[in-house]
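Asker: From first to last, the protein sequence lines stand for chains A and B.
Just so we're aligned, residue 1 is where the first sequence starts under full-length UniProt numbering, counting upward by one.
Just so we're aligned, residue 1 is where the second sequence starts under full-length UniProt numbering, counting upward by one.
Think of the CB as a built atom: it goes at the ideal place given N, C-alpha and C, for glycine as much as any other residue.
There's a structure below that I have some questions on.
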Amino acid sequence: MTVHTVQLDNVSFSYGRKKPRILDDLSYTVPEGFTLLLGPNGAGKSTMLKLACGMNQPACGTVRLGRFTSRDRQFLAHVAWMPQSITAMTGLTAREQVAYTGWLKGMGKSAAWEAAAEALDRVQMRERGDVRTKHLSGGQLRRVGVASALVHGARILLLDEPTAGMDPTQRRVFRDLILSLATSEIRVLMSTHDISDLAEEADHVTVVGDGRVMFTGDTPAFLRLAPAQTRPERRGEAAYAAAISPRP
Amino acid sequence: MPARFRDGYIVILWWKARLVPSVLAPSLAAFFVVTAATYQWSAAFPSLTGGNGTVRFLTFVPLIVVSPLHHCLTQRLEAAELLSLRPVRRHDAALVVTTVALCAVAGLAIGTLAGDDAARAVGRNVAFLTGLMLTVNALLPKAAAGVPVAWVLIALFLGRDAFHRPYFWSVLEHRAASPLALAEAMLCFACGLAVHLRRRPRTT
């Protein structure tokens with residue numbers, strides 16, 4: 001089966017007509033496997049993810065998944081977005097919240113309930129499925145967020161800084177979880193600032209800055225941007241610094 | 001869990017997500033009880049536009065429903081609902097219409113049985129304040145919770161002339177049979193529903 005991917009073609013976007021453009025004539029294709037989306041604050045990472053999931057529509061250009069554009073219902077059925085902060089719905093358990101998300105995505109009622117259990121299983125949260133989301137820790141709530149993104153069988157997962165605010169241990173556990181999800185059938189694009197933890201684990205790295213893609217390629221190519229004398233544990237950060245620095 | 005029960009259970013999730021059983025249903029029950037128990041209550045109240053008048057306690061009663069309704073409508077899974085393939089906003093609109101209809105029927109029933117004009121008008125006032133809340137919620141979400149309360153106070157302090165006749169715009173203080181107040185309330189309610197159905201919540 002062909003796995004289509006999300007393509008942004010010559011996309012421009014601003015939050016309001018008189019506001020400056022966040023993205024300007026940007027073209028990008030979400031690669032296979034696990035891709036890190038890096039960039040300084042305000043570079044347009046979140047905006048790019050919101051366009052890629054159909055949350056926002058571009059002022060110019062198109063966002064496509066195969067033959068569907070981001071305005072089509074079929075597009076929304078194949079793409080999942082996990083925002084930075086996950087809402088804990090008052091009164092709903094983890095399984096109910098995930099099932100509710102599945103139902104919102106058009107799943108049948110029984111299917112959503114069953115898929116919620118499976119999705120929670122994939123994020124190692126099955127035993128906490130009956131706990132109200134208000135009583136979950138921040139890390140557990142992020143897992144519920146990932147389960148909600150997975151519940152309807154999306155092929156493209158877009159994660160907006162899911163490790164922000166996590167301690168190093170939580171980050172490591174979460175990283176392993178995300179790596180286990182990125183398969184030949186599921187593409188994961190994750191924005192983050194935690195370069196050192198993740199740079200060598202990702203299949204691809206994309207760097208955005210000033211509303212455009214400054215680098216995109218596989219991880220070895222990204223790490224080669226670092227100066228030759230860089231210590232191994234610093235290569236990710238050095239490569240990132242090289243990617244965002246203006247070129248002559 | 002039997003499949004038939006599971007099927008119904010997921011539909012109930014939307015109700016649970018919107019806090020219908022835990023917040024809206026009790027507030028509706030409170031509305032019915034308070035309307036029935038207090039329709040005769042009134043108190044002297046100063047008006048800023050001339051003299052003192054009496055105010056019916058029923059003027060405040062719509063807030064028992066409108067404020068919880070606002071709270072329920074804002075209990076949303078923001079990201080998932082913005083990317084939803086289901087008509088969630090239509091579900092919400094149906095919830096709003098049902099709530100207002102129940103209040104109107106209860107107010108009419110209590111008002112007719114008790115022969116009280118203000119009780120008959122309470123449903124109209126719920127519709128007006130709900131419409132106001134929905135309209136403001138779409139444009140200035142942070143102000144939406146306070147606007148119905150503010151309108152009640154404005155109507156009380158500034159909504160009557162020196163002869164204690166309500167101004168055309170105050171709506172709440174008009175008699176139940178006032179066609180103008182009814183038209184204003186229906187227009188405001190329809191406007192609120194239309195804005196709620198059409199306007200996409202803002203993302204930042």
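At the level of alpha carbons, what is the spacing between B:Thr135 and B:Gly192?
Answerer: Working through the second sequence from its first residue, we reach residue 135 of chain B at position 135. Working through the second sequence from its first residue, we reach residue 192 of chain B at position 192. For B:Thr135 and B:Gly192, the distance between alpha carbons rounds to 4 angstroms.
Asker: For the alpha helix (DSSP H) holding A:Gly209, just list the boundary residues, first then last.
Answerer: Counted from its first residue, the first sequence places residue 209 of chain A at position 209. Element bounds for A:Gly209: not the alpha helix (DSSP H) but the beta strand (DSSP E), His204 to Gly209.
Asker: If you count every other CB in all the chains shown that lies within 10 Å of the CB of A:Cys60, and 16 or more means buried, which is it?
Answerer: In the first sequence, the residue the question calls residue 60 of chain A occupies position 60. So A:Cys60 counts as exposed.
Asker: Can you check DSSP and say which residues form a bridge with A:Val63?
Answerer: Taking the first residue of the first sequence as position 1, residue 63 of chain A is located at position 63. Paired residues: A:Leu8.
Asker: If we call anything under 8 angstroms between Cβ atoms a contact, is B:Ala155 one with B:Leu172?
Answerer: In the second sequence, residue 155 of chain B corresponds to position 155, counting from 1. In the second sequence, residue 172 of chain B corresponds to position 172, counting from 1. Contact: yes.
Asker: If you drop the 5 nearest sequence neighbours on each side, which residues of the same chain put their C-beta closer than 8 angstroms to that of B:Leu89?
Answerer: Looking up residue 89 of chain B in the second sequence gives position 89. The sequence shown places Arg at residue 89 of chain B, not Leu. Result list for B:Arg89: His196 and Leu197, in chain order.
Asker: Could you confirm whether any beta carbon from chain A is found closer than 8 angstroms to the beta carbon of residue 205 of chain B?
Answerer: Nothing can be reported for residue 205 of chain B, as the shown portion of chain B is limited to 1 through 204.
Asker: Can we say the region 38 to 55 of chain A touches the region 204 to 222 of chain A, given the rule of at least three CB pairs closer than 8 angstroms?
Answerer: Inter-segment contact for the region 38 to 55 of chain A and the region 204 to 222 of chain A is present: three or more beta-carbon pairs are separated by less than 8 angstroms.
Asker: In the region 115 to 195 of chain B, which residue ranges form an unbroken alpha helix (DSSP H) of at least 4 residues, counting only runs that do not cross its ends?
Answerer: Listed in chain order, they are 117 to 139 and 147 to 158.
Asker: Under three-state DSSP, which class holds A:Arg17?
Answerer: The residue given as residue 17 of chain A occupies position 17 in the first sequence. The three-state reading of DSSP puts A:Arg17 in coil, since its state is none of H, G, I, E or B.
Asker: Tell me the DSSP secondary structure of B:Phe45 in three-state form.
Answerer: The residue given as residue 45 of chain B occupies position 45 in the second sequence. In this structure, B:Phe45 counts as strand in the three-state DSSP scheme.
Asker: For A:Ser46, which residues in the same chain have their Cβ closer than 8 angstroms to its Cβ, ignoring the five residues on either side in sequence?
Answerer: By one-based count along the first sequence, residue 46 of chain A stands at place 46. So the qualifying residues of the chain are Gln84, Asp160, Glu161 and Ser191.
Asker: Which residues bound the alpha helix (DSSP H) around A:Tyr28?
Answerer: Numbered from 1 along the first sequence, position 28 holds the residue referred to as residue 28 of chain A. Run containing A:Tyr28: none in the alpha helix (DSSP H); it sits in the beta strand (DSSP E), Leu23 to Thr29.
Asker: Using C-beta distances below 7 angstroms, list every residue in its chain close to B:Pro166, excluding the 5 sequence neighbours before and after it, in chain order.
Answerer: Numbered from its first residue, the second sequence carries residue 166 of chain B at position 166. Excluding positions up to five away in sequence, the list reads Gly159, Arg160, Glu173 and His174.
Asker: Which residues bound the alpha helix (DSSP H) around B:Ser27?
Answerer: Counting from one through the second sequence, the residue named residue 27 of chain B turns up at place 27. Per DSSP, B:Ser27 belongs to the alpha helix (DSSP H) from Ala25 to Thr38.
Asker: Assuming B:Val122 and B:Leu58 form a contact by the criterion Cβ under 8 angstroms, report the distance between their Cβ atoms to the nearest whole angstrom.
Answerer: Position 122 of the second sequence holds residue 122 of chain B. Position 58 of the second sequence holds residue 58 of chain B. Yes, B:Val122 and B:Leu58 are in contact; Cβ-Cβ is about 5 angstroms, under 8 angstroms.
Asker: State the Cα-Cα distance for the pair B:His91 and B:Leu139, rounded to the nearest angstrom.
Answerer: On the second sequence, position 91 is the one that residue 91 of chain B refers to. On the second sequence, position 139 is the one that residue 139 of chain B refers to. Straight-line Cα distance between these residues: approximately 20 angstroms.
Asker: When you compare the CB positions of A:Val98 and A:Leu120, do they come within less than 8 angstroms of one another, or not?
Answerer: Indexing the first sequence from 1 puts residue 98 of chain A at position 98. Indexing the first sequence from 1 puts residue 120 of chain A at position 120. Cβ atoms of A:Val98 and A:Leu120: closer than 8 angstroms.
Asker: For A:Trp81, which residues does DSSP report across the bridge?
Answerer: As a working note, residue 81 of chain A is residue 81 in the first sequence. Per DSSP, A:Leu158.
Asker: At what residue ranges does the region 146 to 194 of chain A contain a whole run of the alpha helix (DSSP H), taking only runs of 4 or more?
Answerer: 168 to 181
Asker: How many angstroms separate the CA atom of A:Arg212 from the CA atom of A:Ala239?
Answerer: For the purposes of this step, residue 212 of chain A is identified with residue 212 of the first sequence, where counting begins at 1. For the purposes of this step, residue 239 of chain A is identified with residue 239 of the first sequence, where counting begins at 1. Answer to the nearest angstrom: the Cα atoms are 18 angstroms apart.
Asker: Using only CA atoms, which one of A:Glu114, A:Thr35, A:Gln229 and A:Val146 lies nearest to A:Thr87?
Answerer: Taking the first residue of the first sequence as 1, we reach residue 87 of chain A at position 87. The candidate whose alpha carbon is nearest that of A:Thr87 is A:Val146.
Asker: Let me make sure I understand the geometry here. Which of A:Ser70, A:Leu177 and A:Val144 has the alpha-carbon closest to that of A:Gln7?
Answerer: Here residue 7 of chain A refers to the residue found at position 7 when the first sequence is read from its first residue. Nearest C-alpha to A:Gln7: A:Ser70.
Asker: Report yes or no: is there a C-beta of chain B within less than 8 angstroms of the C-beta of A:Met190?
Answerer: Indexing the first sequence from 1 puts residue 190 of chain A at position 190. It does not: the Cβ of A:Met190 has no partner Cβ on chain B nearer than 8 angstroms.
Asker: Quick one: give me the first and last residue of the alpha helix (DSSP H) that A:Arg235 is part of.
Answerer: Taking the first sequence and counting its residues from 1, the one referred to as residue 235 of chain A is at position 235. Arg235 to Ile244 is the span of the alpha helix (DSSP H), which, as asked, contains A:Arg235.
Asker: Does A:Met1 pass the burial test, meaning 16 or more other C-beta atoms within 10 Å, or should it be called exposed?
Answerer: Along the first sequence, one-based indexing puts residue 1 of chain A at 1. For A:Met1, the pLDDT reaches just 46, beneath the cut-off of 50, and the residue's location in the model is therefore unreliable, leaving the point undetermined.
Asker: Give the C-beta separation of A:Ala80 and A:Leu158 to the nearest angstrom, bearing in mind that I take them to be a contact with Cβ-Cβ under 8 angstroms.
Answerer: As a working note, residue 80 of chain A is residue 80 in the first sequence. As a working note, residue 158 of chain A is residue 158 in the first sequence. The pair is a contact, with the Cβ atoms about 7 angstroms apart (cut-off 8 angstroms).
Asker: Could you tell me whether the Cβ atoms of B:Leu69 and B:Val96 are closer together than 8 angstroms?
Answerer: On the second sequence, residue 69 of chain B is found 69 positions in, with the first residue counted as 1. On the second sequence, residue 96 of chain B is found 96 positions in, with the first residue counted as 1. Yes.
Asker: Just how far apart, CA to CA, sit A:Asp25 and A:Arg17?
Answerer: Locating residue 25 of chain A in the first sequence gives position 25, counting from the first residue. Locating residue 17 of chain A in the first sequence gives position 17, counting from the first residue. Looking at the two C-alpha atoms, the distance is approximately 16 angstroms.
Asker: Here's a check: name, in chain order, each residue in its chain whose Cβ is nearer than 8 angstroms to the Cβ of B:Thr35, leaving out the five neighbours to either side.
Answerer: Position 35 of the second sequence, counted from the first residue, corresponds to residue 35 of chain B. Apart from sequence neighbours up to five positions away, the residues of its chain that approach B:Thr35 with a beta-carbon distance below 8 angstroms are Leu58, Val61, Ala106, Gly107, Ile110, Ala119 and Val122, ordered along the chain.
Asker: Does any CB atom of chain D fall closer than 8 angstroms to the CB of B:Glu184?
Answerer: Absent from the structure: chain D. Protein chains present are A and B.
Asker: Just to confirm the assignment, what range does the beta strand (DSSP E) spanning A:Asp130 have?
Answerer: Stepping through the first sequence from its first residue, residue 130 of chain A is reached at position 130. Element bounds for A:Asp130: n/a, residue is neither H nor E.
Asker: I'd like to know if B:Ala84 contacts chain A, where contact means its C-beta is closer than 8 angstroms to some C-beta of that chain.
Answerer: Here the question's residue 84 of chain B lines up with position 84 in the second sequence. The sequence given here places Ser at residue 84 of chain B; Ala does not occur at that position. For B:Ser84, the answer is yes, since a Cβ of chain A falls inside 8 angstroms of its Cβ.
Asker: What residues in the region 21 to 43 of chain B have a beta carbon less than 8 angstroms from any beta carbon of chain A?
Answerer: Taking 8 angstroms as the Cβ-Cβ cut-off against chain A, the residues of the region 21 to 43 of chain B that qualify are Ser22.
Asker: Helix, strand or coil for A:Val123 per DSSP?
Answerer: Translated into positions along the first sequence, residue 123 of chain A becomes position 123. Reduced to three states, the DSSP call for A:Val123 is coil.
Asker: Measuring only between beta-carbons, confirm whether B:Leu129 sits less than 8 angstroms from chain A.
Answerer: In the second sequence, residue 129 of chain B corresponds to position 129, counting from 1. Cβ-Cβ to chain A under 8 angstroms: no for B:Leu129.
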